[in-house]
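First up is the structure itself, then whatever we jot down about it.
Protein chains: 2
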Amino acid sequence: METADLGLPVDVPSTALFTDHYELTMLQAALEAGTAERRSVFEVFTRRLPDGRRYGVVAGTGRVLDAVENFRFDSDVLGFLREREIVDEETLQWLAGYRFSGDIWGYPEGEVYFPGSPIMRVEGTFAECVLLETVILSILNHDSAVAAAASRMASAAGDRPLIEMGARRTHELAAVAAARSAYVGGFATTSDLASGFRYGIPTVGTSAHAFTLLHDTERDAFRAQIDSLGRDTTLLVDTYDVAEAVRVAVEIAGPELGAVRIDSGDLLLVAHRVRQQLDALGATGTKIVVTSDLDEYAIASLAAAPVDAYGVGTQLVTGSGHPTCSMVYKLVARAESADPKAPLVPVAKKASGGKTSIGGRKWAARRLDEHGVAEAEVIGTGPVPAELADRQLLVQLVKGGQVVARESLDVVRDRHAAARANLPLSATQLSRGEPVLPTEYL
Amino acid sequence: METADLGLPVDVPSTALFTDHYELTMLQAALEAGTAERRSVFEVFTRRLPDGRRYGVVAGTGRVLDAVENFRFDSDVLGFLREREIVDEETLQWLAGYRFSGDIWGYPEGEVYFPGSPIMRVEGTFAECVLLETVILSILNHDSAVAAAASRMASAAGDRPLIEMGARRTHELAAVAAARSAYVGGFATTSDLASGFRYGIPTVGTSAHAFTLLHDTERDAFRAQIDSLGRDTTLLVDTYDVAEAVRVAVEIAGPELGAVRIDSGDLLLVAHRVRQQLDALGATGTKIVVTSDLDEYAIASLAAAPVDAYGVGTQLVTGSGHPTCSMVYKLVARAESADPKAPLVPVAKKASGGKTSIGGRKWAARRLDEHGVAEAEVIGTGPVPAELADRQLLVQLVKGGQVVARESLDVVRDRHAAARANLPLSATQLSRGEPVLPTEYL
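Top to bottom, those sequences are chains A and B.
Counted the way full-length UniProt numbering counts, the first sequence spans residues 1 to 442.
Counted the way full-length UniProt numbering counts, the second sequence spans residues 1 to 442.
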């Protein structure tokens with residue numbers, strides 16, 4: 001097999017199959033009609049943010065670049081398409097030579113976005129661009145949804161570290177991408193080993209109720225954990241009686257005990273009690289980690305509690321109520337003919353039933369106020385005003401088919417923190433509201 | 001590499017890395033304490049259904065079996081764990097020889113479930129079972145959430161076929177599993193080529209607004225599509241003016257036109273108008289496909305509309321408001337010693353803060369009323385009452401580490417339809433309510 005082997009348990013040999021059937025049949029029809037080679041501009045954007053959200057977070061860009069690089073139709077894939085009679089032989093021939101050769105521009109990963117922001121722009125022939133629609137949207141819609149939730153949680157947590165632990169609540173490979181997005185949004189660590197392996201994100205772990213229940217007594221379990229993992233470990237103290245567990249934990253580990261984890265009950269109340277007890281036992285340096293269906297609101301409500309770290313699972317990996325963004329991939333301009341020099345014509349859906357969009361290849365810039373704080377997302381199709389020239393948001397990601405903008409996740413994470421910090425203060429209010437920046441069209 | 005290569009863009013070499021960090025550190029501590037080999041029983045269950053739902057749907061079982069078979073620690077994975085100092089050398093040695101050798105029982109895939117149903121039971125040593133927690137929960141939580149939404153949509157759609165088209169709204173590999181779950185829940189086809197390749201699900205496609213916009217006129221676009229794909233194709237008629245598009249479509253394709261797709265506007269109203277227009281033009285056999293943010297409620301509201309098929313995306317792949325189930329994997333019994341013949345002791349978390357569970361290895365049976373309709377989910381830890389002996393729900397899936405229950409997706413799909421049909425009529429009410437069967441503990 002020429003291309004990437006996704007192997008078991010997935011067994012999809014190339015990112016080219018992460019594609020909707022109609023992309024290929026449209027390609028066939030356009031090839032036959034002589035329109036497939038018309039130069040085209042597609043843009044990714046959302047018409048709105050999830051209800052009540054103040055800003056969006058671009059995430060997944062690095063994964064999109066991987067997917068575009070590995071988008072190839074090898075013999076297995078072509079054999080499948082032939083056997084199913086999805087497209088004709090001419091189209092299969094065309095697909096066999098497929099390699100994206102166009103340009104991609106986009107908001108750099110970690111940047112914030114607003115309704116209408118042209119988050120990504122893909123330019124090339126209609127044929128080569130239309131095929132990328134599904135996989136680009138899959139990645140950006142998933143990863144950005146998780147990153148947006150992570151960013152809100154990170155704001156709410158302030159300086160306290162957040163641990164991503166939602167792998168068990170989402171598809172096993174979505175979990176790997178979710179841990180990546182959480183890191184971009186401001187999480188410190190993850191429980192997911194695969195994301196440590198693939199992306200180098202620091203992994204951490206505590207222990208589960210099963211470990212305590214395995215042993216004859218809680219004392220035996222704590223002893224086993226400390227003997228093996230050291231006093232710096234985190235003991236789970238809510239299997240039976242929390243106060244008794246804390247007492248035994250400090251008795252065994254001494255004041256050097258790393259941390260205790262509380263995974264049930266009224267976390268605010270229990271954290272206060274446990275802190276008092278730990279302090280009274282001399283374990284003033286022992287930390288308190290809380291978990292148990294946390295979301296950004298629960299995290300915020302614990303701001304005054306003596307909590308040292310938050311573990312977040314379900315609500316993170318499901319986007320805290322918004323598991324997907326509503327990003328779309330729309331043709332906004334195309335040439336009048338297959339001549340590579342033919343001028344581009346703006347195009348847009350115009351039916352009355354909604355879902356209209358604005359035609360034309362767009363630029364975007366973030367205008368700042370006199371204090372250097374962002375005050376508007378400005379989008380246009382004409383020349384860029386001089387005063388916005390150095391505030392433009394789109395950067396080149398792919399040039400003539402070659403990826404030109406690989407970045408480390410730490411760069412992306414820092415960019416997100418900076419972009420969020422540059423928004424008006426109301427951006428990090430958790431209450432429902434309008435986007436914190438208005439979108440202005442020039 | 002000895003194990004499955006997930007390749008780009010994922011690059012996780014084995015399902016063993018779809019695991020939380022703490023599973024491995026618990027293993028290390030248990031190995032050192034001499035408790036790792038205690039015979040153990042873990043069960044997967046939910047404490048509740050998503051708010052308002054009447055039943056759950058077990059999905060992903062087949063994928064769990066693949067994941068268990070491919071759960072191996074090869075040299076790449078061991079190298080990663082060593083470099084990160086996640087576990088010690090003794091534990092790495094143990095992991096190098098890992099192969100699940102125990103038994104797994106479960107509700108057969110496609111079966112319905114209720115709060116407390118022991119959906120899956122994993123038995124073996126603590127060490128070999130605890131490691132499987134994360135990947136089993138990832139798969140079942142994701143796949144069952146999508147299948148439950150699919151099942152409600154299929155009920156609402158009645159005899160009209162449903163097309164899964166949500167790939168662009170979720171992680172690119174979650175999309176493949178989502179298409180599989182949708183099929184289990186009753187969908188007929190999918191747009192996702194990868195799921196066609198991997199699972200043999202029939203794939204279909206129509207066309208996008210971009211295809212119309214690529215061409216100089218809508219007429220040119222329709223002509224191109226019909227010339228290439230035949231009169232039986234589905235034309236998208238809402239790019240500009242629906243009535244004009246329908247007129248042109250029938251003019252070009254004649255009454256043999258396969259279908260038209262409506263993707264925006266008031267679908268109820270537009271579908272009636274389009275049906276009248278098609279009939280007036282003699283295209284009485286031309287079908288109407290509707291798409292556009294459909295969920296089970298929107299589908300139900302279109303029951304009286306002249307619609308022939310529904311395409312569903314976002315709401316399907318995100319579980320229609322419930323993108324994950326709350327399945328947990330709990331130790332319910334374990335031996336008193338590492339002696340393989342030591343008796344099992346029921347165990348359960350007992351702290352006051354909620355999240356308690358019922359210890360002991362469980363059986364489950366569905367009791368029927370005098371008409372043969374399901375009336376209760378009966379769960380027990382003692383002997384099975386004679387009258388329920390042939391209504392037991394758990395079947396053996398893995399025996400001594402060998403998968404013994406591979407099934408085709410069509411068998412699973414048929415099982416789901418039969419299980420749903422055997423529930424009281426109120427099961428398929430879309431309104432919010434209690435689980436349609438009570439759970440009784442014996």
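Even for Gly, the Cβ is constructed at its ideal location relative to N, Cα and C.
Listed along chain B, no residue sits closer than 8 Å to Leu95(A) by beta-carbon distance, the nearest being about 12 Å off. Within the same chain, Ala36, Phe126 and Ala127 come within 7 Å of Ala30(B) by CB-CB distance, once the 5 residues on both sides are set aside.
Residue pairing of Ala271(B) in beta bridges, as defined by DSSP: absent, with no partner found. DSSP places Tyr240(A) in the coil class of the three-state scheme, outside both helix and strand. Chain B has no Cβ within less than 8 Å of the Cβ of Pro383(A). When DSSP assignments are scanned along the region 137-169 of chain A, no uninterrupted stretch of alpha helix (DSSP H) that is 4 or more residues long falls wholly within it.
Along the region 95-122 of chain A, none of the residues has a CB nearer than 8 Å to a CB of chain B. Against chain B, the CB of Gln225(A) has a partner CB under 8 Å away; the residue lies at that interface. In this structure, the alpha-carbon of Ile163(B) lies about 40 Å from that of Ala417(A). The three-state reading of DSSP puts Phe71(B) in coil, since its state is none of H, G, I, E or B. Gly401(A) has a beta carbon lying at 8 Å or more from every beta carbon in chain B. Secondary structure within the region 105-134 of chain A: the beta strand (DSSP E) runs of 3 or more consecutive residues, fully enclosed, are 120-125 (chain order).
At a cut-off of 8 Å between C-beta atoms, Thr439(B) does not count as an interface residue with respect to chain A.
As a beta-bridge residue in DSSP terms, Trp363(A) pairs with Gly380(A). Interface annotation, Ile86(A): in contact with chain B, CB-CB separation under 8 Å. Against chain A, the CB of Gln276(B) has no partner CB under 8 Å away; the residue lies outside that interface. Per the coordinates, the alpha-carbon of Thr170(A) lies some 31 Å from the alpha-carbon of Ser228(A). Proximity of the region 308-327 of chain B to the region 200-213 of chain A falls short of the contact definition, fewer than three beta-carbon pairs being nearer than 8 Å. Within chain A, the residues whose beta carbon sits less than 7 Å from that of His21(B) are Ser191, Leu193, Thr203, Val204 and Gly205, listed in sequence order. Between Leu267(A) and Leu235(A), the CB-CB gap reaches or exceeds 8 Å. Excluding residues up to 5 positions away in sequence, Arg219, Phe222, Arg223 and Ile226 lie with their Cβ nearer than 8 Å to the Cβ of Ile252(A) in the same chain. Listed by position along chain B, the residues whose Cβ is nearer than 7 Å to that of His272(A) form an empty set, because the closest Cβ is around 14 Å away. Taking 8 Å as the threshold, the shortest C-beta distance from Met165(A) to chain B falls below it.
Residue-level contact check: Val347(B) touches chain A, since one or more beta carbons of chain A fall below 8 Å from its beta carbon. Residue range Thr439 to Tyr441 is occupied by the beta strand (DSSP E) that includes Thr439(B), with no alpha helix (DSSP H) assigned at that position. Leaving aside the five residues that flank Pro323(B) on each side, the residues in its chain whose CB is nearer than 7 Å to its CB run, in chain order, Ala145. The CB of Lys350(A) comes closer than 9 Å to the CB of Thr239, Tyr240 and Asp241 in chain B, given here in chain order. Within the region 314-345 of chain A, the complete alpha helix (DSSP H) runs of at least 4 residues fall at 314-317.
For Gly166(A), the closest alpha carbon among the candidates Arg160(A), Asp159(A) and Ala174(A) is that of Ala174(A).
Closest option to Asp369(B), judged by alpha-carbon separation, among Asn422(B), Leu213(B), Ala149(B) and Ser101(B): Asn422(B). Taking C-beta atoms as the reference points, Gly106(B) and Val395(B) count as a pair closer than 8 Å.
With respect to the C-alpha of Glu85(B), the residue from Thr25(B), Arg38(B) and Ile288(B) having the closest C-alpha is Thr25(B). One Cα belongs to Pro115(B), the other to Glu336(A), and the distance between them is close to 60 Å. DSSP places Leu397(A) inside the beta strand (DSSP E), whose first and last residues are Val395 to Lys399.
A contact between stretches requires three or more CB pairs, one per stretch, nearer than 8 Å, and the region 192-204 of chain B meets this requirement with the region 15-23 of chain A.
Sequence-distant Cβ neighbours of Glu434(A) in its own chain, meaning closer than 8 Å and more than five residues away, are Arg54.
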